[in-house]
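Beneath this line is the structure, given in structure tokens, with notes to follow.
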Amino acid sequence: MMRKHLLLTTLLISCTLSAQEIGAVRELKQLWKYDEAIAALTQMMAEQGPRADLLEELADCHYQSGNATEALTQYSLLAEMQPDKLLYKLRLMNLLYRGKQYEAAIGFGREILQRDSITQVLSLVGDAFNQLERRDSAQWYYRRALARRPHNDAVLSKLCGILLGREQYDEVLSLTDTFLAEEPDNLTILPVRGLARFNTQQYEAAEADFTRMNQLGDDGYAVHYYLGQCAQKFSRTWVAEQEFELAWQRDSTDVGLAITIAKLKSDLQHSDWEQWYEKALERLKPDQRTIANTAATHQNYALSAYKYGKWDLCIREYQQMLEYSPKHYSAYYMIAQCYENKRDYRNALLWYKKAQSAFAAGTRGREIADSGVERMTAEIFMEE
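Residue numbering for the sequence shown follows the working numbering, beginning at 1 and increasing consecutively.
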């Protein structure tokens, strides 16, 4: 009888000590001292064996500290030990998603959803399908998530992102109008509606959305870019210039924006238009993905230079354009006209002849070239 009492007392003391030790570990976790907690748990497991409660604490330490590899290992072991516990599958799903193992994350997500339609799981499975560019499946899960929790701006924004990509603007407007009727100043959904309005040519309404965003403290690239676009639609070019320059201050990598500003400044006859073409060209690299943009930038630069009578600059830019777009034959007679305006008739004749050989008889380009050759031949004759 005494032996039984002694054994029971020993077990109770052991359990009490174990509970105190786990309590100390949890306190370390609350203080973000994960390394110390992991060391304590490792020692406890060496003494007491791989108990499920200790493994769970260890897995959580790795999860919270961002050690995805160790957390994945521990939660995989726990899921084998207790396959009915959803927490482990949830953690595995999240870890696999973070590790870009989207198919595996979808598998765990579907397994969880067979037991419980958790909104966050529906959304994350949708995210995984979205990452895999399987938009139909992503859309289906986002809609299920919204059916469970309609006023969810994060999920609605993702669904609308897919719809915008498919140019389903009417549905985007319907969904965002419904949401913003309840929460008119939501900075996640306002830009979505603004974009849909802009793409359906509701420029005044789009401008109102982006202006409201700016009033609410959003001073980012997209706000100023679309305010500039809207101002252009209403021919408020000075406002457009200011907004585009503010957008550039937020993102100076957008080559298209630099070209837009350059053309706008050229039209407004502002002295710094050349600088903006140079900024665009500085950011372009002549590889297969940017050749068309590079050629277009040189062409726009050349056209603006021609308008200002900067013949040498125009010639330079057209010649550089031809390096990226050698079949853009209209550059030949444009270069010829620059030389003609400089009274350099021999070079003008050379380029008009190039245009002659490039354009078929009867085309407008050939007519310009033939006329140029005739004029230059006469001018050279007169000089001699």
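We put the beta carbon where it would ideally sit given N, CA and C, even for glycine.
Check, Outcome
"Outcome for E374 when other beta-carbon atoms lying within 10 angstroms are tallied against a minimum of 16", "exposed"
"L12, buried or exposed, once every other Cβ within 10 Å from all chains shown has been counted against 16", "Residue placement at L12 cannot be trusted, given a pLDDT of 31 that sits under 50; what the coordinates show is reported in the next sentence. Exposed."
"F359, enclosing alpha helix (DSSP H) - first and last residue", "Unbroken run through F359: none, as it is neither H nor E."
"Three-state secondary structure (DSSP) of Y308", "coil"
"N214 in three-state terms, based on DSSP", "helix"
"Proximity below 8 Å, CB of M376 to CB of A358", "no"
"Which of helix, strand or coil DSSP assigns to L185", "Residue identity check: residue 185 is Asp in the sequence provided, not Leu. Three-state DSSP puts D185 in coil, outside helix and strand."
"D60 versus A71 - alpha carbon distance", "7 Å"
"Backbone CA spacing between G309 and C230 [nearest angstrom]", "31 Å"
"Segment contact, 8 Å Cβ cut-off, at least three pairs: the stretch 212 to 221 with the stretch 172 to 183", "no"
"Buried versus exposed call for G49 [16 or more other C-beta atoms within 10 Å across all chains shown]", "exposed"
"Distance, E167 Cα to L95 Cα", "33 Å"
"Y332 versus K263 - alpha carbon distance", "22 Å"
"Classification of K89 by the beta-carbon crowding that lies within 10 angstroms, buried from 16 upward", "buried"
"Three or more C-beta pairs below 8 Å linking the stretch 339 to 353 and the stretch 320 to 328", "no"
"Host alpha helix (DSSP H) of L55 (start-end)", "A52 to S65"
"Unbroken stretches of the alpha helix (DSSP H), 4 residues or longer, contained in the stretch 61 to 144", "68 to 81, 86 to 98, 102 to 113 and 119 to 131"
"Three-state class that DSSP yields for D251 in the structure shown", "coil"
"Short Cβ contact (8 Å threshold) for W238 with A258", "no"
"Residues of its chain near H5, where Cβ-Cβ distance is below 8 Å and the 5 sequence neighbours each way are ignored", "Here the model assigns H5 a pLDDT of 42, short of 50, so the residue's position is not dependable, and the following value carries that caveat. Excluding positions up to five away in sequence, the list is empty."
"Distance between Y142 and I189 (C-alpha atoms, nearest Å)", "15 Å"
"Span separating the alpha-carbon of Q131 from that of Q101", "10 Å"
"E56 burial status per 10 Å Cβ neighbour count (16 or more: buried)", "buried"
"Minimum C-alpha distance to Q299 - residue among M334, K265 and Q269", "M334"
"Closest Cα partner of G256 within the set A296, D267, D219 and Q232", "A296"
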